[in-house]
Amino acid sequence: MAGASKAVADSRANLPFVYRQYSAEQLKQVLYKMYLIRRFEEGAEESYMRGLIHGTMHLSIGQEASAMGICMPLGEDDQITSTHRGHGHCIAKGAEVKRMFAEFFGKTTGYCKGRGGSMHIADVAKGNLGANGIVGGGIPIAVGAALSSKMMKTGKVVVSFFGDGANNEGAFHEALNMAAVWKLPVIFVCENNGYGMSTSTARSTAVKNIADRAAAYSMPGVIVNGNIFSEVAEASYKAVERARAGEGPTLIESKTYRHRGHSKSDRNRYRTKEEIEDWMSNRDPITLFENELSEFGFIDDKGIEAIRNGVAQEIADGIEFAKASPSPDVSETGNYVYTEQA
Amino acid sequence: MDAMVRELSYAQAIQEAMAIAMDMDERVFLMGEDIGVYGGAFQVTGDLVERYGTERVIDTPISELGGAGVAVGAALTGMRPIFEFQFSDFATLAMEQIVNQAAKMRFMLGGEVSVPVVMRFPAGSGTGAAAQHSQSLEAWLGHVPGLKVIQPATPYDAKGMLLAAVADPDPVMIFEHKLLYKMKGPVPEGYYTVPIGKADIRREGRDLTIVATSIMVQKALDAAAALEAESIDVEVVDLRTIRPMDKQTVIDSVKKTSRLMCVYEAVKTLGIGAEVSAMIAESEAFDYLDAPIVRLGGAETPIPYNPELEKATVPQVPDIISAARDLVKGVR
Ligand SMILES: Cc1ncc(C[n+]2csc(CCOP(=O)(O)OP(=O)(O)O)c2C)c(N)n1
Ligand SMILES: [Mg+2]
Numbered sequence: 001m002a003g004a005s006k007a008v009a010d011s012r013a014n015l016p017f018v019y020r021q022y023s024a025e026q027l028k029q030v031l032y033k034m035y036l037i038r039r040f041e042e043g044a045e046e047s048y049m050r051g052l053i054h055g056t057m058h059l060s061i062g063q064e065a066s067a068m069g070i071c072m073p074l075g076e077d078d079q080i081t082s083t084h085r086g087h088g089h090c091i092a093k094g095a096e097v098k099r100m101f102a103e104f105f106g107k108t109t110g111y112c113k114g115r116g117g118s119m120h121i122a123d124v125a126k127g128n129l130g131a132n133g134i135v136g137g138g139i140p141i142a143v144g145a146a147l148s149s150k151m152m153k154t155g156k157v158v159v160s161f162f163g164d165g166a167n168n169e170g171a172f173h174e175a176l177n178m179a180a181v182w183k184l185p186v187i188f189v190c191e192n193n194g195y196g197m198s199t200s201t202a203r204s205t206a207v208k209n210i211a212d213r214a215a216a217y218s219m220p221g222v223i224v225n226g227n228i229f230s231e232v233a234e235a236s237y238k239a240v241e242r243a244r245a246g247e248g249p250t251l252i253e254s255k256t257y258r259h260r261g262h263s264k265s266d267r268n269r270y271r272t273k274e275e276i277e278d279w280m281s282n283r284d285p286i287t288l289f290e291n292e293l294s295e296f297g298f299i300d301d302k303g304i305e306a307i308r309n310g311v312a313q314e315i316a317d318g319i320e321f322a323k324a325s326p327s328p329d330v331s332e333t334g335n336y337v338y339t340e341q342a
Numbered sequence: 001m002d003a004m005v006r007e008l009s010y011a012q013a014i015q016e017a018m019a020i021a022m023d024m025d026e027r028v029f030l031m032g033e034d035i036g037v038y039g040g041a042f043q044v045t046g047d048l049v050e051r052y053g054t055e056r057v058i059d060t061p062i063s064e065l066g067g068a069g070v071a072v073g074a075a076l077t078g079m080r081p082i083f084e085f086q087f088s089d090f091a092t093l094a095m096e097q098i099v100n101q102a103a104k105m106r107f108m109l110g111g112e113v114s115v116p117v118v119m120r121f122p123a124g125s126g127t128g129a130a131a132q133h134s135q136s137l138e139a140w141l142g143h144v145p146g147l148k149v150i151q152p153a154t155p156y157d158a159k160g161m162l163l164a165a166v167a168d169p170d171p172v173m174i175f176e177h178k179l180l181y182k183m184k185g186p187v188p189e190g191y192y193t194v195p196i197g198k199a200d201i202r203r204e205g206r207d208l209t210i211v212a213t214s215i216m217v218q219k220a221l222d223a224a225a226a227l228e229a230e231s232i233d234v235e236v237v238d239l240r241t242i243r244p245m246d247k248q249t250v251i252d253s254v255k256k257t258s259r260l261m262c263v264y265e266a267v268k269t270l271g272i273g274a275e276v277s278a279m280i281a282e283s284e285a286f287d288y289l290d291a292p293i294v295r296l297g298g299a300e301t302p303i304p305y306n307p308e309l310e311k312a313t314v315p316q317v318p319d320i321i322s323a324a325r326d327l328v329k330g331v332r
């Protein structure tokens, strides 16, 4: 993305990374998208309650700065693999919410034509190779995509998002090792929200920080506050530079929190109300970013209002689009199992 | 129904069986992802952690291969683990330990050891969880000598077969259809077992044998009840165990009815239906057949997310009714 001009940059010299690196327009766009992720998930949740969406879903409410920060330095050609908690990644990488809603409603206009739903949301055209129903499933795939990038000399960088729970799967360890041995342009992003379902990292993971595991695979391990957009974006920026320079992978641990339960069936028995409340009222990533933007003079109240209204409209339109879209015909269950050949 | 016999859900029946097994034998313990305070993804372990503590109801990290291997190792060395997979689909991550280790250990070591591990697999479609959380992979494991593979279809059998599995000296894989968990049925209190390797005739009939597994047993019974009105008399055999299979019960039933249909949720080809059909074709029952054998199984596709498509990919009661009617009337 184009940076801020020299004069502006000087006046921002003491501000955090993103305020030096990006223009006010770009940063306002980030706020817009953070709201878009939040309202999309609230809209999806409400549609689920009203019976318009079936199955289950995993909401990333509270983790928006992580998705946006990581994707900030990525170009449209760069690629990501995502997780079951992947709505934010999908939007951050450029997906349209109307086609995401359509997917959730099982419609042909959805990104997966109604076959995948929330857990398999993808937008291949925009470089999102897909969410994944298998914890850790996307990590080796990202390494494969990075291998393609290296072999085909496309210059693409690949980001693999995964949760703290996934770092205990064998796939994580095997993938990090190969990426390091082959110096592949891949960034491993562990969104550590404290829990894999009900199991806290303290109960599941032998190291204190997931980033500590980078040492075992000879790559930098970076810890960031995942609720502060600028911190995440800065770490991602450096990892992208390193990857593009052919220096190999980075493991970023983005410490964050999910406000909602694990999925639709969570009784929240493994954490306290106080803990949830604390993260919601004191460390909400959107509030933190919005406050910084105002404080540093990048936006005023009217600007914020305009963003919120714009997002509300896009969400309402998206839901209407999804509702009005056709369902696939049951005669088409056999489609896409194999590649159609003329 | 006997007023003395309580009704429990399928999930409660399994939970009760696990509690009885732990009460009876201190070597029995539970392992799995989120089976403690969360109660298990389908609330099968429920509150057992409160009664038995975290030493015997162990939350594992999200590590299926490692977890299965730990269970195999513990079983090999004197414990009696019951390992829960959160979804049967994740057996794919643990195939090494199940197929190469658990199944073959006793054989490879010339009978010097045994692996009395029980693994539980919530399986099947119908929950909108899409392609990676809806599969029926029991035939994969059924293909492996050394394993026993069961699919209880009622709360009564779920309890009795689990207790039989715990008592069994060899690895037993239990596939539990997720839509059965809420199904209620009579379950006696206390200890009892239902033998592994024994099919059950759930309904007697003269015109047609339906061999069904898991959730398809109830669907076949519903279809049979509907077909009564057309004077079609269906016998429903609940296979219950797919390895080792109770061939004789199926053979005897087919000899009586002269027609065979297999109904199962897994992908139709190369599965249980093929095995049962071939087994009949190889047996003395072949000469008794009045019509070609019919298989009703899942579509040759992954399970789709869209609810209508999802339903259309597995056999439903109307499909069974019309296939059974055609079979009995000789329509091909
Ligand atoms: C291989 C596998 N095991 C278990 C699950 C069930 N499961 C889905 S999400 C999840 C927790 C994942 O935790 P984490 O990686 O921290 O991601 P988070 O949900 O916190 O975003 C579990 C156990 C699964 N989908 N795949
Ligand atoms: Mg987590």
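As given, the protein sequences belong to chains G and R, one line each in that order.
Using our numbering, the letters of the first sequence map in sequence onto residues 1 to 342.
Using our numbering, the letters of the second sequence map in sequence onto residues 1 to 332.
Yeah, the Cβ is synthetic: ideal placement off N, Cα and C, and Gly gets one too.
Computed from a predicted structure; not experimentally measured.
In terms of DSSP beta bridges, what is residue i paired with?
i: residue 252 of chain G; result: G:189 and G:222
i: residue 79 of chain G; result: G:158
i: residue 209 of chain R; result: R:235 and R:260
i: residue 123 of chain G; result: G:128
i: residue 295 of chain R; result: R:262
Examine chain R for any beta-carbon lying closer than 8 Å to the beta-carbon of residue i, and answer yes or no.
i: residue 54 of chain G; result: yes
i: residue 257 of chain G; result: no
i: residue 327 of chain G; result: yes
i: residue 120 of chain G; result: yes
i: residue 168 of chain G; result: yes
i: residue 197 of chain G; result: yes
i: residue 97 of chain G; result: no
i: residue 134 of chain G; result: yes
i: residue 117 of chain G; result: yes
i: residue 86 of chain G; result: no
i: residue 109 of chain G; result: no
i: residue 204 of chain G; result: yes
i: residue 1 of chain G; result: For residue 1 of chain G, the predicted structure reports a pLDDT of 43, less than 50, and the residue's modelled location is therefore unreliable. A value from the coordinates is still provided. Chain R contact via Cβ: absent.
Whose C-alpha, out of the options, is nearest the C-alpha of residue i?
i: residue 206 of chain R; options: R:255, R:159, R:58 and R:44; result: R:255
i: residue 44 of chain R; options: R:55, R:64, R:9 and R:53; result: R:9
i: residue 17 of chain G; options: G:191, G:72 and G:266; result: G:72
i: residue 136 of chain G; options: G:236, G:112, G:166 and G:152; result: G:166
i: residue 257 of chain G; options: G:125, G:195, G:49 and G:87; result: G:195
i: residue 27 of chain R; options: R:82, R:265, R:271 and R:226; result: R:82
i: residue 86 of chain R; options: R:96, R:65 and R:77; result: R:65
i: residue 55 of chain R; options: R:107, R:32, R:115 and R:69; result: R:32
i: residue 314 of chain G; options: G:83, G:95, G:269 and G:53; result: G:95
i: residue 224 of chain R; options: R:209, R:214, R:50 and R:137; result: R:209
i: residue 21 of chain G; options: G:158, G:140, G:50 and G:6; result: G:6
i: residue 117 of chain R; options: R:171, R:109, R:137 and R:157; result: R:171
i: residue 132 of chain R; options: R:304, R:177, R:308 and R:328; result: R:304
i: residue 14 of chain R; options: R:69, R:53, R:190 and R:233; result: R:190
Taking only beta-carbon atoms, is residue i less than 8 Å away from chain G?
i: residue 287 of chain R; result: no
i: residue 63 of chain R; result: yes
i: residue 181 of chain R; result: no
i: residue 38 of chain R; result: yes
i: residue 192 of chain R; result: no
i: residue 269 of chain R; result: no
i: residue 305 of chain R; result: yes
i: residue 316 of chain R; result: no
i: residue 129 of chain R; result: yes
Pop quiz: residue i and residue j are said to be a contact at Cβ under 8 Å. What is the actual Cβ separation, rounded to whole angstroms?
i: residue 251 of chain G; j: residue 176 of chain G; result: 7 Å
i: residue 337 of chain G; j: residue 312 of chain R; result: Wrong, their Cβ atoms sit about 14 Å apart, outside the cutoff.
i: residue 107 of chain G; j: residue 114 of chain G; result: 5 Å
i: residue 82 of chain G; j: residue 144 of chain G; result: Residue 82 of chain G to residue 144 of chain G, Cβ: 15 Å. No contact.
i: residue 161 of chain G; j: residue 58 of chain G; result: Actually they do not touch by this definition, with Cβ atoms about 13 Å apart.
i: residue 221 of chain G; j: residue 253 of chain G; result: 7 Å
i: residue 363 of chain G; j: residue 289 of chain G; result: With chain G represented from 1 up to 342, any question about residue 363 of chain G goes unanswered, as that position is not in the structure.
Note to self: Assess contact between the stretch 134-153 of chain R and the stretch 95-105 of chain R, defined as three or more Cβ pairs (one per stretch) separated by less than 8 Å. Is contact present?
What the structure shows: Segments in contact, yes.
Notebook entry, point to check: Would the stretch 57-70 of chain G and the stretch 275-291 of chain G be scored as touching if the rule is three or more Cβ pairs under 8 Å?
Noted result: Using a Cβ-Cβ distance cut-off of 8 Å, the stretch 57-70 of chain G and the stretch 275-291 of chain G are in contact, since at least three pairs of beta carbons, one from each stretch, lie closer than that value.
Margin query: Count Cβ pairs between the stretch 288-304 of chain G and the stretch 252-268 of chain R that sit closer than 8 Å; are there 3 or more?
Written below: Judged by pairs of C-beta atoms under 8 Å, the stretch 288-304 of chain G does not touch the stretch 252-268 of chain R, as fewer than three such pairs exist.
Check: Is the stretch 261-274 of chain G close to the stretch 87-105 of chain G, with three or more CB pairs under 8 Å?
Finding: A contact is defined here as three or more CB-CB pairs under 8 Å, and the stretch 261-274 of chain G fails this definition with respect to the stretch 87-105 of chain G.
Check: Can we say the stretch 283-296 of chain R touches the stretch 228-235 of chain R, given the rule of at least three CB pairs closer than 8 Å?
Finding: Taking 8 Å as the limit for Cβ pairs, the verdict is that the stretch 228-235 of chain R does not touch the stretch 283-296 of chain R.
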